[in-house]
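Chemist: Mind having a look at this structure? Questions to follow.
Protein chains: 2
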Amino acid sequence: MTATREPKPDLSAMLSLDRDSPRRSDADHLGRLISDPGARMIVLLGGKPVIRPSPDGQAAQLRRFSPNALRDAGVPLTDVFFLGLDPSTGSGVFALDMDADPADVANTSTERSAGALEQFFSPAVDLRSLAMQGVLSGDELAISATAVALANWTAGSRFCGRCGSAMVARDGGWRRKCVPCGRDQFPRTDPVVIMLVCDADRCVLGRQAHFPDGMMSALAGFLEPGEDIEAAVVRETAEEIGIAVERVSYAGSQPWPFPHSLMIGCLAQAAFQPLHVDTNELADARWFDRDEVRRMLDGSHPSGLWVPKPHAIAHWLVRRFAAG
Amino acid sequence: MTATREPKPDLSAMLSLDRDSPRRSDADHLGRLISDPGARMIVLLGGKPVIRPSPDGQAAQLRRFSPNALRDAGVPLTDVFFLGLDPSTGSGVFALDMDADPADVANTSTERSAGALEQFFSPAVDLRSLAMQGVLSGDELAISATAVALANWTAGSRFCGRCGSAMVARDGGWRRKCVPCGRDQFPRTDPVVIMLVCDADRCVLGRQAHFPDGMMSALAGFLEPGEDIEAAVVRETAEEIGIAVERVSYAGSQPWPFPHSLMIGCLAQAAFQPLHVDTNELADARWFDRDEVRRMLDGSHPSGLWVPKPHAIAHWLVRRFAAG
Chain Y
51 MTATREPKPD LSAMLSLDRD SPRRSDADHL GRLISDPGAR MIVLLGGKPV IRPSPDGQAA
111 QLRRFSPNAL RDAGVPLTDV FFLGLDPSTG SGVFALDMDA DPADVANTST ERSAGALEQF
171 FSPAVDLRSL AMQGVLSGDE LAISATAVAL ANWTAGSRFC GRCGSAMVAR DGGWRRKCVP
231 CGRDQFPRTD PVVIMLVCDA DRCVLGRQAH FPDGMMSALA GFLEPGEDIE AAVVRETAEE
291 IGIAVERVSY AGSQPWPFPH SLMIGCLAQA AFQPLHVDTN ELADARWFDR DEVRRMLDGS
351 HPSGLWVPKP HAIAHWLVRR FAAG
Chain E
51 MTATREPKPD LSAMLSLDRD SPRRSDADHL GRLISDPGAR MIVLLGGKPV IRPSPDGQAA
111 QLRRFSPNAL RDAGVPLTDV FFLGLDPSTG SGVFALDMDA DPADVANTST ERSAGALEQF
171 FSPAVDLRSL AMQGVLSGDE LAISATAVAL ANWTAGSRFC GRCGSAMVAR DGGWRRKCVP
231 CGRDQFPRTD PVVIMLVCDA DRCVLGRQAH FPDGMMSALA GFLEPGEDIE AAVVRETAEE
291 IGIAVERVSY AGSQPWPFPH SLMIGCLAQA AFQPLHVDTN ELADARWFDR DEVRRMLDGS
351 HPSGLWVPKP HAIAHWLVRR FAAG
C-alpha cells in the first residue's frame, strides 16, 4: 500500500491481502492453496462474520479456521471464496458462506453434533454492527467486506439471468458460469452517490425513516444508467430536497457491502435556500450550521442529534465540512 | 443543468431529459404518457440505435417514432423503457429494444411487409461507432447511452438469479420483478477505474490486442468487491504494469454502456521506472513524454500512434496531462 489516502478506518480491502487476482482462474493453484495446512478460512453464518471477541468485549478478530479441519468435521464447503494471500505467510485466505443455521449444518454433518457446530460458529455478528461498534481493525473489516459482498452477489446469482439455467462457481468464486448458454457473470458492485450539500456556512443533513433515533446523514442515492457521478449528485439532490447544485467535487469512496455497493462521496455546493423535502424518500432534512454540526460530531447536541460514526464515509464528509 | 463540469461531449444523460424518476412506479402515469400523441420512441435494433443521417453524412439524429404508430403497425412493444420527459414539450420519451431483425418482426406483424419494416428501422448503427464518429450531439448520445445500458441489463436479467423464475418489467423498465420469490432487481452499472499513470513529464499508455491499429490508451480495469476507487487504481496498475502508485486523484467520470459500465477517470502519480507489462492483459505499454503525447492528440505522431477521440474519458485524461 503506497498510495496516499485519508486516514479513515474503512471497509476497503487494500492493506492486508494480496488479492492474487491474475491466478484466480488457475484451479490447480487454488486447490494447492486450500489444501495447504497454512490455509485459513473465515466463515459467514447467515451472512454474518464469525468472530472471536476479546475478553473485555472492546475488540474482536475474525475467527480463522483450517479448511482441512472444517472438511474433516463434515462442514459442506459449497460456497467458498478465495480472498487472497496472507502477505506474511504466503498462505491462502478463504471465506465460507453458510447460509444455513448451525442445526441444519449438523444434519449434513457426520462427525459433529449440532451443539459442537454452534460452538464452532459462534458468535456470528452482523457486519454493519461490527463496523459501527469499531471492534474490528481496518484490515479485518476490509476482509469481511469483500467476503460479504461476494456472498451477497452469489446468493443472487444462482441462476443465469439470460437463460434461467443454474450457474456454477469459477475462479475461486469471482466468476459464475452458465454452462448451457456460455455466459460469464462477474461480481456486481452498485455505485451510490452520497453527497453533503453545503453553502459556505451550512450543510444539509437528512434522515430516512428507518435510521436509528437522532441520526442525521448526508443524502444518497443509486447512480443510474446513462449518468456520470456529477449528474447523479445533481439529480438526487433535486429529487430529494428540491434544490439545484452549483458545483460537485469528489471527496472519497468506500465499499459498502449491504448488499454490494460502492459509496462515492461528494461535496455539492448550493445556495442557501428553503428545501422542498420529498417525504417519500426522507423523514426529515434541513440546513445545519457549522457549530451545530460540530456538536453532532462530538455528541453534545442539545436535542441528541448525531451523525454516522467513522466507519461510514458520511462521517468524513461531515467532518470535512465541520473543519471549515 | 447547473453544476459546473468540464466541457466534454460525453455519454452522460444530464442535459436534455427530465428523468421523472419518482413517477416511474406510477403505471397509470406511464400509460397516459405513452398513449399521448406527443409521445416519442427511439428504437434499438439488435442493440443499435436507429438514426436519421444528414444528407452529407456528417451528422445524425436519433429517429423518433410515435408509439401509437408503431403499435398500429403491429410492431411488438415488448421491451419498452421510459427515458423521461422532453422538457420542451412535457411529452414522454421512450426506447424500444428490438433484438429481432426486421424480417422476424414482420412475421409477427399483421399490417406491414418486411420491406416496409426494414425501411422503418434503418439505418441502425452501433453506438460505439456513433460516439467515435462524433455524428450525434451530446444530448442524443446521452439518450442513446441510457437506452442501450437499460437494454443490455434487461437482456441479461430475464430470469431471477436467486430462484430461476422468469422476471417481469416494472417502473417503465427500471425494475425487474420476480413474482414467485418477490425479489426486485434494479439496473446494473459496473464501476471501472481508468487511470493515466504519470510522473512529472511522462505518462504510461498501453494497448489491448483488440484495439484499432495505432491506438494507445489509459489503463483500465473493473473495481472489485471490497475496494474503494483508489485501491482499485493501485491494484490494477500493479497487476498490469508492475509498478507502485504514489498518489491517486479523481478526474471525472462517464457512463459507458458497453454493456453497462461507469468509467471513473483518475490520474495516478508514480515514479518513472521500468514497466513489467502483463502480456495476458496488454499487448504493449510504455512511457511517453509530453511532446510525443501532444503529437498523438493532434494526429502528427511519426509512427501513426493516436489516442481515443473526445467521446472517451481517456481522451480527457490524456489532454489534461498534455496541457501540463
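One line per chain: the protein sequences are Y and E, in this order. The opening position of the first sequence corresponds to residue 51 in the numbering used here, with each subsequent residue numbered one higher. The opening position of the second sequence corresponds to residue 51 in the numbering used here, with each subsequent residue numbered one higher. Cβ atoms here follow ideal geometry from the backbone N, Cα and C, with glycine treated the same way.
Apart from the five residues just before and just after E/Ser141, which ones in its own chain have a Cβ nearer than 8 Å to its Cβ?
Modeler: Taking the first residue of the second sequence as position 1, residue 141 of chain E is located at position 91. Cβ within range, chain order: Leu83, Asp86, Gly88, Ala89, Arg90 and Leu135.
Chemist: Hey, does E/Thr52 have any beta-carbon neighbour from chain Y nearer than 8 Å?
Modeler: To locate residue 52 of chain E, count along the second sequence from 1; it is residue 2. The pLDDT assigned to E/Thr52 is 34, lower than 50, so where the model puts this residue is not dependable; a value taken from the coordinates is nonetheless given after this. E/Thr52 counts as touching chain Y.
Chemist: What residues in its chain sit with their C-beta under 7 Å from that of Y/Ala333, if we drop five residues either side in the sequence?
Modeler: By 1-based counting over the first sequence, the position of residue 333 of chain Y is 283. Cβ within range, chain order: Arg257, Gln258 and Ala259.
Chemist: Interface residues of chain E around Y/Ser71 at Cβ under 7 Å?
Modeler: If you number the first sequence from 1, residue 71 of chain Y lands on position 21. Those within 7 Å of Y/Ser71 in chain E are Glu289.
Chemist: Identify, in the order they occur along the chain, each residue of the same chain with its Cβ nearer than 7 Å to the Cβ of E/Arg238, setting aside the five sequence neighbours on each side.
Modeler: Locating residue 238 of chain E in the second sequence gives position 188, where the first residue counts as 1. Taken in chain order, the residues that qualify are Trp203 and His310.
Chemist: Taking just the CA atoms, how far does E/Pro137 sit from E/Ala4?
Modeler: In the structure as shown, chain E begins at 51 and stops at 374. Residue 4 of chain E is therefore absent and cannot be evaluated.
Chemist: Starting from the Cα of E/Ala119, find the closest Cα among E/Leu133, E/Ala109 and E/Phe170 and give me that residue.
Modeler: If you number the second sequence from 1, residue 119 of chain E lands on position 69. Checking every option, the nearest Cα to that of E/Ala119 belongs to E/Phe170.
Chemist: Is the beta carbon of E/Gly264 less than 8 Å from the beta carbon of E/Leu367?
Modeler: Position 214 of the second sequence, counted from the first residue, corresponds to residue 264 of chain E. Position 317 of the second sequence, counted from the first residue, corresponds to residue 367 of chain E. Going by C-beta atoms, E/Gly264 is not nearer than 8 Å to E/Leu367.
Chemist: Is DSSP giving E/Leu191 helix, strand or coil here?
Modeler: Residue mapping note: residue 191 of chain E aligns to position 141 of the second sequence, counting from 1. Three-state DSSP puts E/Leu191 in a helix.
Chemist: According to DSSP, simplified to helix, strand and coil, what is E/Met266?
Modeler: The count along the second sequence starts at 1 and reaches residue 266 of chain E at position 216. If DSSP states are grouped into helix, strand and coil, E/Met266 belongs with coil.
Chemist: Should E/His326 be labelled buried (16 or more other beta-carbon atoms within 10 Å of its own) or exposed?
Modeler: Taking the first residue of the second sequence as position 1, residue 326 of chain E is located at position 276. By the neighbour-count rule (16 or more Cβ atoms within 10 Å), E/His326 is not buried but exposed.
Chemist: With DSSP run on the structure shown, which of helix, strand or coil describes Y/Trp356?
Modeler: For this step, residue 356 of chain Y is matched to residue 306 along the first sequence. DSSP places Y/Trp356 in strand when its eight states are reduced to three.
Chemist: Starting from E/Val298, trace the beta strand (DSSP E) both ways and give me its first and last residue.
Modeler: What you label residue 298 of chain E is simply residue 248 of the second sequence in a count that begins at 1. Arg297 to Trp306 is the extent of the beta strand (DSSP E) around E/Val298.
Chemist: Among the candidates E/Ser353, E/Ile244 and E/Leu200, whose CA atom is the shortest distance from the CA of E/Glu290?
Modeler: In the second sequence, the residue the question calls residue 290 of chain E occupies position 240. The shortest Cα separation from E/Glu290 among E/Ser353, E/Ile244 and E/Leu200 belongs to E/Ile244.
Chemist: What residues of chain Y sit near E/Gln304, judged by a beta carbon separation below 7 Å?
Modeler: Taking the first residue of the second sequence as 1, we reach residue 304 of chain E at position 254. Within 7 Å Cβ-Cβ: Asp278.
Chemist: By the 10 Å Cβ neighbour count, where 16 or more other Cβ atoms means buried, how is Y/Gly107 classified, buried or exposed?
Modeler: By 1-based counting over the first sequence, the position of residue 107 of chain Y is 57. Its Cβ having fewer than 16 others within 10 Å, Y/Gly107 is exposed.
Chemist: Would you mind stating whether E/Pro358 and E/His365 have Cβ atoms separated by less than 8 Å?
Modeler: To locate residue 358 of chain E, count along the second sequence from 1; it is residue 308. To locate residue 365 of chain E, count along the second sequence from 1; it is residue 315. In this structure, E/His365 lies closer than 8 Å to E/Pro358 by Cβ.
Chemist: Out of E/Ser66, E/Asp251, E/Val100 and E/Arg121, which has the shortest C-alpha to C-alpha gap to E/Asp176?
Modeler: What you label residue 176 of chain E is simply residue 126 of the second sequence in a count that begins at 1. Among E/Ser66, E/Asp251, E/Val100 and E/Arg121, the Cα nearest to that of E/Asp176 is on E/Val100.
Chemist: How about Y/Ser104: is its C-beta nearer than 8 Å to some C-beta of chain E?
Modeler: As a working mapping, residue 104 of chain Y is identified with position 54 in the first sequence. It does not: the Cβ of Y/Ser104 has no partner Cβ on chain E nearer than 8 Å.
Chemist: Y/Leu386 to Y/Gly292, Cα distance in whole Å?
Modeler: No answer is possible for residue 386 of chain Y: the residues shown for chain Y start at 51 and end at 374.
Chemist: Against chain Y, does E/Cys210 count as a neighbour if the rule is that its beta carbon must be under 8 Å from one of theirs?
Modeler: Walking along the second sequence from the start, residue 210 of chain E turns up at place 160. Output row for E/Cys210: interface = yes.
Chemist: Closer than 8 Å, CB to CB, is E/Leu347 near chain Y or not?
Modeler: For this step, residue 347 of chain E is matched to residue 297 along the second sequence. Not closer than 8 Å to any Cβ of chain Y, the Cβ of E/Leu347 fails to qualify, so no.
Chemist: So with CB distances below 8 Å, who are the chain E contacts of Y/Cys213?
Modeler: Numbered from 1 along the first sequence, position 163 holds the residue referred to as residue 213 of chain Y. In chain order: Arg208 and Phe209.
Chemist: According to DSSP, which residues form a beta bridge with Y/Met313?
Modeler: Residue 313 of chain Y sits at position 263 when you count from the first residue of the first sequence. DSSP output for Y/Met313 lists Y/Val242 and Y/Gln304 as bridge partner(s).
Chemist: Are Y/Ala197 and Y/Leu133 close, meaning C-beta to C-beta below 8 Å?
Modeler: Taking the first residue of the first sequence as position 1, residue 197 of chain Y is located at position 147. Taking the first residue of the first sequence as position 1, residue 133 of chain Y is located at position 83. Yes.
Chemist: Using a Cβ-Cβ distance cut-off of 8 Å, determine whether Y/Pro307 contacts chain E.
Modeler: For this step, residue 307 of chain Y is matched to residue 257 along the first sequence. Interface residue, yes.
Chemist: If we count the other Cβ atoms within 10 Å of its Cβ and call it buried at 16 or more, is Y/Ser207 buried or exposed?
Modeler: By one-based count along the first sequence, residue 207 of chain Y stands at place 157. Its Cβ being crowded by 16 or more others within 10 Å, Y/Ser207 is buried.
Chemist: When the Cα atoms are used, what is the spatial distance from E/Ser172 to E/Phe308?
Modeler: Within the second sequence, numbered from 1, the residue matching residue 172 of chain E stands at position 122. Within the second sequence, numbered from 1, the residue matching residue 308 of chain E stands at position 258. Taking the straight line joining both Cα atoms gives about 22 Å.
Chemist: Within a Cβ cutoff of 7 Å, which residues of the same chain sit near Y/Leu112, ignoring the five residues on either side of it in sequence?
Modeler: Taking the first residue of the first sequence as position 1, residue 112 of chain Y is located at position 62. Contacts found: Ile92, Pro99, Ile101, Glu190, Ile193 and Ser194.
Chemist: Go to Y/Ile84, then tell me how far its alpha helix (DSSP H) extends in each direction, as first and last residue.
Modeler: Numbered from 1 along the first sequence, position 34 holds the residue referred to as residue 84 of chain Y. Residues Ala77 to Ser85.
Chemist: Report the neighbours of E/His310 on chain Y: residues whose CB is nearer than 7 Å to its CB, in chain order.
Modeler: Numbered from 1 along the second sequence, position 260 holds the residue referred to as residue 310 of chain E. Going along chain Y in sequence order, the residues near E/His310 (Cβ under 7 Å) are Pro275.
Chemist: Would a check of beta-carbon distances place E/Arg220 closer than 8 Å to chain Y?
Modeler: One-based indexing of the second sequence puts residue 220 of chain E at position 170. No, E/Arg220 lies away from the interface with chain Y (no Cβ there is under 8 Å from its Cβ).
Chemist: The beta strand (DSSP E) that contains Y/Asp339, what's its start and end?
Modeler: Sequence index remark: in the first sequence, residue 339 of chain Y carries index 289 (1-based). Element bounds for Y/Asp339: Asp334 to Asp339.
Chemist: Which residue's Cα is closest to the Cα of E/Ser299: E/Phe371, E/Arg345 and E/Pro275?
Modeler: As a first step, residue 299 of chain E must be located in the second sequence, where it is residue number 249. Considering only alpha carbons, the answer is E/Phe371.
Chemist: Check Y/Val100 in the structure and name its three-state DSSP category.
Modeler: Counting from 1 along the first sequence, the entry for residue 100 of chain Y is found at position 50. In this structure, Y/Val100 counts as strand in the three-state DSSP scheme.
Chemist: So for E/Met346, helix, strand or coil by DSSP?
Modeler: Walking along the second sequence from the start, residue 346 of chain E turns up at place 296. Residue state, collapsed to three classes: helix.
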